[in-house]
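Report on the following structure.
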Amino acid sequence: MGRDVARRADRHAAHPAPALSRAHGSRRPRRRHGRGVRTHPGLAAPDHGQPAAHRPRPREPLGRRRQPPPRLVHRPLRPLPAHPRFVRGRVGRDAAAPAGRCLARRPEVRRRPDGQPRRGEPDLTEHPPAEAEQPYTPDPRRWRILAVTLVIGFMALLDVTIVNVALPSIRSGLQASTAAVQWVVSGYALAFGLTLVAGGRLGDALGRRRMMLIGLVGFLVSSAAVGLAPDETWVVVARLAQGAAAGLLTPQNSGLIQQLFRGPERGRAFGFFGLTVSVSAALGPVLGGLIIAALGEEHGWRAIFLVNVPIGLVALVFVARMVPGREPAVPGQARDRADIDVVGAAILGAAVLAVLFPLVAVMSDGAWVLLLLLAAPLAFWLFVRWERRTVGRGRAPLLDVGLLAVAPGYAWGILLGTLYFTGFTGTFLVLSVHLQESLGLSPLAAGLMITPFAVGSAITAPVAGHYVSQVGRRVTVTALCLVLTGLTAVTVLVPGHGGDGLWPLLALPLLLAGLGGGGVVSPNFTLTLGDVPPRMGGAAGGALQTGQRIGSALGTALAMSVYQVTVASTGSAGTGLRVALGTALVVIALALAVAVRDLRAARQRTENDRAPDGDAGSTSTRSTRA
């Protein structure tokens, strides 16, 4: 419609209609056409004795070719100035969104019924102009802020695995049932995964300092409630609250890294974050075993949770003093209220619940809960449709699904992280169970057996994060090859070996796998979130970590199910361990295939950008992924 109006306006400017006088009223004067001639604006018209205002248009001979209409030149629309009358909310934290929202209502930007622009039309609502972003000013305290937030992230992630060695003590101390003990582990992972994306979006909208303070207070209160629990119901409910608080805390780390760091520094920061993720998962059983060995089984499992309280109180003071609040608005544009997509959060929560609940409850409630997995694809499809409709209506989405097209490799990075954590978590859970139940090792000894993996991750995670901006996805491909090599050696050596002299034989393969593991997590964070705007960093990072939580739950259920079924059918714990580890290796090999696919796609994008008709300005941004 807008193009038709513009075309008629141009024709009217090229051929103005004659004005009407009062003598002729409102009727148009009758044209006089000569025989064998046509009107043409470039030729003189004969004077037929009429006033100048009523003379007919000039004419041309029949044989002369008619001039083509003037060519319509499409000019990009300029953002309208933000005015309080037109500002209702922003897309994420971007100050240029009110202008984009006004443009979305103009007739020049035609949209389909699902809210997306038609082919050839500009999409100015989801991705405002880059020049409207807040200019980057390095914070001199950014590395100290990162250290404080990583301590909090380490504490939240540590509680995922530290409780594994305390389960026998919890069962004996509270006379808890098997289902309750299972939910002590599974409930934390379930609530953790449900709140990650919503917590990241709240941090983007309301400020990351505010959300870290709220999440940290909730985490401390729930940790104290678990440590002082009088019965199993109290423990399960408190663990659910603790997982929800951890889901509010963890995505603020990736959001702050997006906000505080740029260029190679961002890769180094994500390297330290990846180190935190890897080491916390590996050191959880070791630290839990040390605390229980020092304080005894009766009080040791309570101290595992109560130790969070003093550490969290100190971190609370540093967060209030150091972590920045909401980003300032872009100069010249007003700050508006934050839009929270409550319906989108509910739909995504239902989708994640449909995936996580069957995986964490299959061991206690039976295989019937796996039927809920059938509802997960429908829920995710509804979420994508709702988010596109939300963007089309000019409101802020919970998660901008347009990132799947705008940020190269974002979807592949989430899939890679999900597959890697599926194989990684299942491997070490089954290995720990085998060392304790089949070989008779104590929780502390079983945890120390896995320590070489944590040492290897601590060595390579910062280094890989530093060089990922130069090497790109090749770091992840090489690291996954090392992980596969090390875990293959573990699969061959451990099942047929007794407990005596196992640690020297197991140390080298686990160290090799740890060297590879440190090069997977942190580079994947950097490459997946590298093209995401800082205003969407919290929600995008929450989506990536949600995939990791889903992978952890899937890996736990898959590995334990394969291990128990194989042991029950063959009667050999060694065979069960070999089959379970082989299944985990297949999943990690799928992660390697995804990394190779993303590497090839990145190289293809680099070649297209370097072509003569390509965009030279985008080469420096995207070539680092190759």
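At position 97 of the sequence shown the residue is numbered 343 (my numbering), and the sequence of numbers has no breaks.
No residue lacks a Cβ here, since even glycine has one placed at the ideal position from N, Cα and C.
| Check | Outcome |
| --- | --- |
| Looking at C-alpha atoms only, which residue of 426, 835, 826, 796 is the closest neighbour of residue 595? | 796 |
| Drop a sphere of 10 angstroms on the beta-carbon of residue 478, count the other beta-carbons inside from all chains shown, and report buried for 16 or more, exposed for fewer. | buried |
| Are residue 534 and residue 422 closer than 8 Å when you measure CB to CB? | no |
| I'd like the span of the alpha helix (DSSP H) that includes residue 508, first residue to last. | Note, residue 508: premise wrong, no alpha helix (DSSP H); not H, not E. |
| To the nearest angstrom, how far is it from the Cα of residue 666 to the Cα of residue 833? | 7 Å |
| Whether or not the segment 505 to 517 and the segment 704 to 721 are in contact is what I'm after, with contact meaning three or more pairs of Cβ atoms, one per stretch, closer than 8 Å; do they touch? | yes |
| Evaluate contact between the segment 453 to 470 and the segment 480 to 494, counting only Cβ atoms and requiring at least three cross-stretch pairs below 8 Å. | yes |
| Just the C-alpha distance for residue 755 and residue 590, rounded to the nearest angstrom, thanks. | 44 Å |
| Using a Cβ distance threshold of 8 Å, determine whether the segment 693 to 705 contacts the segment 823 to 830, with at least three qualifying pairs required. | no |
| Run the CB neighbour count on residue 853, radius 10 Å, all protein chains shown included, and call it buried at 16 or more, exposed below. | exposed |
| Taking three-plus beta-carbon pairs below 8 Å as touching, is the segment 773 to 791 in contact with the segment 448 to 460? | yes |
| What residue range does the alpha helix (DSSP H) around residue 405 cover? | 388 to 407 |
| Any chance the segment 834 to 846 sits against the segment 655 to 670, with 3 or more Cβ pairs inside 8 Å? | yes |
| Should residue 402 be labelled buried (16 or more other beta-carbon atoms within 10 Å of its own) or exposed? | buried |
| Quick check: residue 218 and residue 504, are their CB atoms within less than 8 Å of each other? | The first residue shown for the chain is 247 and the last is 872, placing residue 218 beyond what the model contains. |
| Locate the alpha helix (DSSP H) running through residue 676, then write down its first and last residues. | 656 to 683 |
| In three-state terms, what does DSSP make of residue 368? | Only weak support exists for where residue 368 lies, its pLDDT of 40 falling under 50; the value from the coordinates is given anyway. Reduced to three states, the DSSP call for residue 368 is coil. |
| If I follow the unbroken alpha helix (DSSP H) through residue 791, where does it start and stop? | 783 to 816 |
| For residue 427 versus residue 417, is the C-beta spacing smaller than 8 Å? | yes |
| Specify the secondary structure class of residue 343 as computed by DSSP and reduced to three states. | For residue 343, the predicted model reports a pLDDT of 40, less than 50, meaning its position is unreliable; a value from the coordinates is still stated below. It is helical. |
| From residue 399 to residue 496, what distance separates their C-alpha atoms? | 6 Å |
| Three Cβ pairs or more, each shorter than 8 Å: is that satisfied between the segment 670 to 684 and the segment 800 to 817? | yes |
| Inspect the beta-carbon positions of residue 758 and residue 732 and report whether they are closer than 8 Å. | yes |
| What are the start and end residues of the alpha helix (DSSP H) that includes residue 450? | 424 to 452 |
| Apart from the five residues on each side of it in sequence, which residues of its chain come closer than 6 Å, Cβ to Cβ, to residue 487? | 468 |
| Compute the distance between the beta-carbons of residue 530 and residue 430, then report whether it is under 8 Å. | no |
| Report the residue from 602, 747, 791 whose alpha carbon sits nearest the alpha carbon of residue 432. | 602 |
| Could you pull the start and end residues of the alpha helix (DSSP H) that residue 554 belongs to? | 554 to 568 |
| Would residue 815 be called buried (16 or more neighbouring beta carbons within 10 Å of its own) or exposed? | exposed |
| Please work out which residues of its chain come closer than 8 Å, Cβ to Cβ, to residue 459, disregarding the five sequence neighbours upstream and downstream, and give them in chain order. | 562, 565, 566 |
| Let me confirm a value: residue 687 is counted as buried when at least 16 other C-beta atoms fall within 10 Å, else exposed. Which label applies? | buried |
| What residue range is occupied by the uninterrupted alpha helix (DSSP H) comprising residue 494? | 478 to 495 |
| Measuring alpha carbon to alpha carbon, tell me which of 645, 456, 792, 485 ends up nearest residue 778. | 645 |
| How would you label residue 272, buried or exposed, when you count the other beta carbons within 10 angstroms and need 16 or more for buried? | Confidence in residue 272 is poor, its pLDDT being 48 and thus under 50, which makes the residue's placement unreliable; the coordinate value appears in the next sentence. The residue is exposed, with fewer than 16 neighbouring Cβ atoms inside 10 Å. |
| Report the rounded CA-to-CA distance for residue 547 versus residue 559, giving the unit in angstroms. | 21 Å |
| Measuring CA to CA, which of 599, 473, 514, 437 is closest to residue 622? | 599 |
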